[in-house]
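Trainee:
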Amino acid sequence: MSRLSRLASSVVPVYPLVGAGGRRVVEVLRSDTRVAVVSSPRHAAVLFEAGSLPPAMVEPARRVHDQIPYPRATVFCPAGSGESRLPGSVLVEPADAASAVLDTMRSLMRGERGSDPDFLLDRPPVEWKGVGPHGQGGEGMMGGKPYGRPMAAMGPDRDGLMLDAVPLTAGPFHPSLPAGLTLDVVMQGDVVQEVTVGPNPFIGAELHGDSQPHRSPIAEVENVRAQTLLRTLAHALSAAGVDSVAARLRRIALNPAEHSVRELTALSKAVFRGARWTAGGVVRLEAERLEGLGLGHVARASGLQEDPRNDISQYKDLGFEPVVRNGGDSLDRLIQMLAEAEQSMLLAQRATDESLEVGDAIDPYGASASIASSQALVRLVEDHLPGLEWGDAVTFISSLGIDLEQAAVHAVAGGRTDE
Amino acid sequence: MDLAAFLGLLVVTAGLALAIRLAGSATDPGATTASQSTPFLGGFEPPTHAWSRFHIRYYAVVLLFVVFEMEMIFMYPWAVVFVEEGIKAIVEMGMFLFILALGVLYAWREGAFKWQ
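Going down the list, the protein sequences come from chains S and P.
In case it helps, the numbering used here puts the first sequence at residues 3 to 421.
In case it helps, the numbering used here puts the second sequence at residues 865 to 980.
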C-alpha cells in the first residue's frame, strides 16, 4: 500500500445513512476516533448504512451512494430486525462497526476490494437539446436544457421583482435535518418561499422500538431521556457549526449515568455562546398557540408548564418541578433541552428502585415524539418556514427535536398510518 | 538586474502553478459521473439549475452609501479651504451634514438597516 493510501486510510471519512434504529449505531460510531463522520458524501470514502432502509428511502440512498467519489465502499450495520440494504454492502456487527469500516477502507486502498459500481445511469435527466437542427434555440434564457436540467422558472418576489424560484427537495439523508425528514421547498435566493413536509418514510418500515406500556425504573427512563435530549442538542449545534461543543455533549450522551450533572452544567456557557448568534431570535413561538399540543420541550421553552411527569407521584417524591423558560425562540429551545437533560440526570441519580409504567405519557424519547405532537411539529414547520433564510430554517427545525422514527412507532401503535 | 529578477519571479510562479496542477492530476480519482456532478440535497435530484438571482436586500443601505459618498466628494475641496474661511465655512458644512443626518435618521426609522 503506498504511503498516500496509508495516509488516506488512517482516519476513515464515513457518510451515515440513518435507517430504522440507526441513530444509536451512528452515535456510537461517532465516538470512535478512527472514523470521521462527515457531513457530505463528497468528503466520504465509505457509506455507512445504519439500520434497515424503509422502502421510501431506498431510491434516495442509491443516489447518495452514487454521489460518493471513487474509490468507495458500502457497509451495512443492522439495528433491529430489518435487513433492507443496498446491494453489495459489507455486513458488519454493531459491536465492532468502526474496526470493520477501517478494514474495508484498507482493503479498498490496497486494491483487494474494487470500488462499488454505480446504481444509477451516468446520464443527465433530460436531453440537452434545443429546437433548432443543431440543438440551439428554445424557450427560456439559454434555450434547451443545459446539462440536461431546465433553468428555474421565475416567480414574484417582494419589491415587485420577478426572481427565479428554485424548487428543490432536501432529502431524507440531509446532514442538518432530522433523519428521514423530506422538505419540498421553493427558494428565491436564500429565502424559503413555500415548503411542504414529505410523508414520514418510517411508517411501513420494520421499526425498532416499543410503544407498548411496560414497567421501567425511573432511572433508566430518565437516562434515556437525557441521552436523547443531549444527542438532539448536539445535532443542532453541529448544524450551527459548533462541532467541538457537540462532540463534548455526545461523549456525555454515550452513557449519562457515568457522568455527573456538574460536567453538563460546565458546558452550558459553551452551548449558549455557540448557539447565541445562529439561534437567537429565530422563530419566536407564542405560548397561546402551543397549548395542549403536547409539544414537550418546545412548549416549555415558550413558558407553558405542560409536563406529563407533573401528575406522577413517584416524580413528585423525587422533587420534580418542570423546567420552564420564557422567550420561545430557537435559542430558548436549545437551552431548554440542556436544562431538561440536567434535570433528567439529576432525577436518575436520585431515583432508587422506583419503577413506573412507561407508555405514551412518559416517553423517554421526549414527549415531542408522540403522534399528536409530531403532526403539530410538522404544521409548525410548514407555518413558520416561508420567509426564513435557509440557515434560520435549519436552525428552527433542529431546535424542534423532530424524531420521525419514534413518531412512526407511536403512529403504528395508534393504528394511524396517515402521518 | 531588474529584468533578471522579474524573469526569475515569472519562472518560479509559473513553475509553482504547474507543479500544483500536475499534483492535482496525479491524485485525480477519475472521471465524474452525472450523479457525482449533481448537487447533494440528501437523496433527491434538483429539478432545475440553481443559477438563480438573489434579491440584494441591503440595497437601501447601498443607496445611503452613495449619498454619503457624494457628501464626501463635496467635503474634499471644503477641507482644503475651510481653515482660511473660518467659522462661516464650518457652519455651512455643518448645515449640509445636518440635513443628510436627518435623512439617515429617517431611513433608520423606516427600517432600511434591517434587511433580514
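Glycine included, every Cβ here is placed at the ideal spot set by N, Cα and C.
Can you tell me the Cβ-Cβ gap for V187(S) and V194(S), rounded? I've got them flagged as a contact below 8 Å.
Mentor: Going by Cβ atoms, the distance from V187(S) to V194(S) rounds to 5 Å, so yes, they are a contact pair.
Trainee: What's the gap between the Cα of A371(S) and the Cα of Y317(S)?
Mentor: Because A371(S) sits at a pLDDT of 47, beneath the cut-off of 50, its placement in the model cannot be relied upon, and the following sentence gives the value as read from the coordinates. Whole-angstrom Cα-Cα distance: 21 Å.
Trainee: Could you say if the region 221-235 of chain S and the region 194-209 of chain S meet the contact criterion of at least three C-beta pairs nearer than 8 Å?
Mentor: Counting Cβ pairs under 8 Å, fewer than three are found: no touch.
Trainee: Classify T267(S) as helix, strand or coil using the three-state DSSP reduction.
Mentor: T267(S): helix per DSSP, three-state reduction.
Trainee: Per DSSP, what kind of secondary structure is D355(S) in: helix, strand or coil?
Mentor: Of the three classes helix, strand and coil, the one that applies to D355(S) here is coil, per DSSP.
Trainee: Can you check whether the CB of L269(S) is closer than 8 Å to the CB of L336(S)?
Mentor: No, they are not a contact pair.
Trainee: Can you tell me which of the three DSSP states S889(P) falls into?
Mentor: S889(P): helix per DSSP, three-state reduction.
Trainee: Within the continuous beta strand (DSSP E) that includes L170(S), where are the two ends?
Mentor: Here the beta strand (DSSP E) through L170(S) covers V168 to A172.
Trainee: Using beta carbons (cut-off 8 Å, strictly below), is P388(S) in contact with chain P?
Mentor: Cβ-Cβ to chain P under 8 Å: no for P388(S).
Trainee: Buried or exposed for T267(S), going by 16 or more other Cβ atoms inside 10 Å?
Mentor: Its Cβ having fewer than 16 others within 10 Å, T267(S) is exposed.
Trainee: Indicate whether W942(P) and M957(P) have their beta-carbon atoms separated by less than 8 Å.
Mentor: A contact, by the Cβ cut-off of 8 Å.
Trainee: From R885(P) to K978(P), what distance separates their C-alpha atoms?
Mentor: Using only the alpha carbons, I get a separation of about 44 Å.
Trainee: From the DSSP secondary-structure annotation, give me the bridge partner or partners of M153(S).
Mentor: None, per the DSSP bridge assignment.
Trainee: With DSSP collapsed to three states, give me the class of F962(P).
Mentor: Residue state, collapsed to three classes: helix.
Trainee: Quick one: which unbroken alpha helix (DSSP H) runs of 4-plus residues sit fully inside the region 105-131 of chain S? Chain order, please.
Mentor: Correct list: empty.
Trainee: Between the Cα of G403(S) and those of V411(S), L379(S) and L387(S), spot the shortest distance and give me the residue it belongs to.
Mentor: Among V411(S), L379(S) and L387(S), the Cα nearest to that of G403(S) belongs to L379(S).
Trainee: Is the beta carbon of S33(S) sitting closer than 8 Å to the one on P177(S)?
Mentor: Taking 8 Å as the Cβ cut-off, S33(S) and P177(S) do not qualify as a contacting pair.
Trainee: Buried or exposed: which applies to D319(S), given that a residue is buried once 16 or more other Cβ atoms fall within 10 Å of its Cβ?
Mentor: So D319(S) ends up on the exposed side.
Trainee: My parser needs the beta strand (DSSP E) runs of 3 or more residues fully inside the region 30-102 of chain S; what are they?
Mentor: For the region 30-102 of chain S, whole beta strand (DSSP E) runs of length 3 or above, ordered along the chain, are 37-39, 48-52 and 75-79.
Trainee: Report buried or exposed for A369(S), applying the criterion of at least 16 other Cβ atoms within 10 angstroms of its Cβ.
Mentor: Per-residue confidence for A369(S) stands at a pLDDT of 47, beneath the threshold of 50, marking its modelled position as unreliable; no derived number is given.
Trainee: Cα separation between T35(S) and V13(S)?
Mentor: For T35(S) and V13(S), the distance between alpha carbons rounds to 8 Å.
Trainee: For chain S, find out if any of its Cβ atoms is closer than 8 Å to the Cβ of R885(P); answer yes or no.
Mentor: No, R885(P) does not count as interfacial toward chain S.
Trainee: Is H176(S) close to chain P, meaning its C-beta is less than 8 Å from at least one C-beta of that chain?
Mentor: So yes, H176(S) belongs to the interface.
Trainee: What residues match up with Q190(S) in a beta bridge as DSSP calls it?
Mentor: BP columns for Q190(S) point to V193(S).
Trainee: Using a threshold of 8 Å, state whether the C-beta atoms of G90(S) and D68(S) are closer than that.
Mentor: No, the Cβ-Cβ distance between G90(S) and D68(S) is not below 8 Å.
Trainee: When DSSP builds the beta bridges, which residues end up paired with V20(S)?
Mentor: V20(S) is bridged to A52(S).
Trainee: If you reduce the DSSP assignment to three classes, tell me which class S916(P) lands in.
Mentor: It is coil, neither helix nor strand.
Trainee: Which of helix, strand or coil does DSSP assign to S370(S)?
Mentor: For S370(S), the predicted model reports a pLDDT of 45, less than 50, meaning its position is unreliable; a value from the coordinates is still stated below. DSSP places S370(S) in helix when its eight states are reduced to three.
Trainee: Among the residues of its own chain, which have a CB less than 6 Å from the CB of Q345(S), if the five just before and after it don't count?
Mentor: Excluding positions up to five away in sequence, the list reads V325.
Trainee: If I measure Cβ to Cβ from A341(S) and keep anything under 6 Å in the same chain, skipping five residues before and after, which residues do I get?
Mentor: Cβ within range, chain order: V325.
Trainee: Quick one: is F962(P) buried, meaning 16 or more other Cβ sit within 10 Å of its Cβ, or exposed?
Mentor: Burial call: exposed.
Trainee: Measuring straight from C-alpha to C-alpha, what distance separates L390(S) and V383(S)?
Mentor: Between L390(S) and V383(S), the C-alpha separation is close to 11 Å.
Trainee: Are three or more beta carbon pairs between the region 235-248 of chain S and the region 273-289 of chain S nearer than 8 Å?
Mentor: Yes, since at least three Cβ pairs between the region 235-248 of chain S and the region 273-289 of chain S fall closer than 8 Å, the two stretches touch.
Trainee: Any heavy atom of the ligand SAH inside 7 Å of the beta-carbon of P174(S)?
Mentor: Summarising the ligand content, the structure contains no ligands, and the ligand SAH is consequently not present.
Trainee: CA-CA distance, L93(S) and V103(S)?
Mentor: Going by the C-alpha atoms only, they are around 10 Å apart.
Trainee: Counting only beta-carbon separations shorter than 8 Å, does A898(P) have a partner in chain S?
Mentor: Judged by the 8 Å Cβ criterion, A898(P) is in contact with chain S.
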